[in-house]
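Colleague:
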Amino acid sequence: MRRSRHGYPEPTDPEHARVQRGGSVLKGYIPQEKIGEIKSRVSVVELISEYVTLKKAGRTFVGLCHFHKEKTPSFSVNPEKQIFYCFGCGEGGDIFAFLTKLNGTSFAESARYLANKAGIPLPVRRMTGEEKVKATEKEKLDRVNAIAAEYFSAQLSSERGRPARDYLDARKMGSAIVGGFCLGYAPEGWNNLTSYLEGRKVPLGLAEKTGLIISK
307 MRRSRHGYPE PTDPEHARVQ RGGSVLKGYI PQEKIGEIKS RVSVVELISE YVTLKKAGRT
367 FVGLCHFHKE KTPSFSVNPE KQIFYCFGCG EGGDIFAFLT KLNGTSFAES ARYLANKAGI
427 PLPVRRMTGE EKVKATEKEK LDRVNAIAAE YFSAQLSSER GRPARDYLDA RKMGSAIVGG
487 FCLGYAPEGW NNLTSYLEGR KVPLGLAEKT GLIISK
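So, in structure tokens, the structure goes:
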């Protein structure tokens, strides 16, 4: 039996883009140092402001989510951590995740668009077999972490998450902080996350590799 660990998933930055099949030269490969350079040169606030009207709220910015209909702003952008999060639908991530979700493109396409926007040249080279395997697995693990983050966020907003919300309120940690740091709540029980991942058709072997669940 695989059991959920009590804790929150840390988002991981994709080291590689989606592997494109059919062809020896993989334009999807982007070195980690280039990913870091893009993130340091492209402001998450400026990027998202092109699509969402944002208003400053303390250290963060808030606005109406672009990914679902809402009347009350629940979309938070944290310029310090370079991430966004929506309390309404659970979408969140960095600049790459935003464009990927917005346009339905691959990570590689989003990264190349942002690199071009920032004037950063990207290499095109052949990818080794080992790099192909690592790139594909890394993308799958990132997706598992994203799904788990959605689960923990939903639990924090649920009735079971009321004690956690009361605690956060007592510590003066408002929605801007919760969204900025992608906080969530893990309710008591060993198999809650496991059941959720199974319902989302996530291979439990992958979830175990992320450290989100363990076998017993």
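Each residue of the sequence shown is one higher than the last, beginning at 307 in the working numbering.
The beta-carbon is built from N, C-alpha and C at its ideal position, and this holds for glycine as well.
The model shown is predicted, which means the values in this text are computed figures rather than measured ones.
(1) Would you kindly check if the distance between the Cβ of residue 452 and the Cβ of residue 511 is under 8 Å?
(2) Hey, quick one: how far does the alpha helix (DSSP H) through residue 498 stretch, first residue to last?
(3) So what's residue 492 in DSSP terms, helix, strand or just coil?
(4) Is the region 382-399 in contact with the region 458-470, if contact means three or more CB pairs nearer than 8 Å?
(5) Buried or exposed for residue 503, going by 16 or more other Cβ atoms inside 10 Å?
(6) Quick one: measure Cβ to Cβ for residue 381 and residue 348, integer angstroms, because I've assumed they're closer than 8 Å.
(7) Based on DSSP bridge pairs, tell me the residues matched to residue 390.
(8) Decide if residue 439 is buried, meaning its Cβ has at least 16 other Cβ atoms within 10 Å, or exposed.
(9) Let me check you understand the geometry: is the CB of residue 418 closer than 7 Å to at least one non-hydrogen atom of the ligand HEM?
Modeller: Once the coordinates are examined:
(1) no
(2) 498-505
(3) coil
(4) Enough Cβ pairs lie closer than 8 Å, so yes.
(5) buried
(6) That belief does not hold up - the Cβ atoms of residue 381 and residue 348 are roughly 18 Å apart, past 8 Å.
(7) 383, 399
(8) So residue 439 ends up on the exposed side.
(9) The model depicted lacks the ligand HEM and carries no ligand whatsoever.
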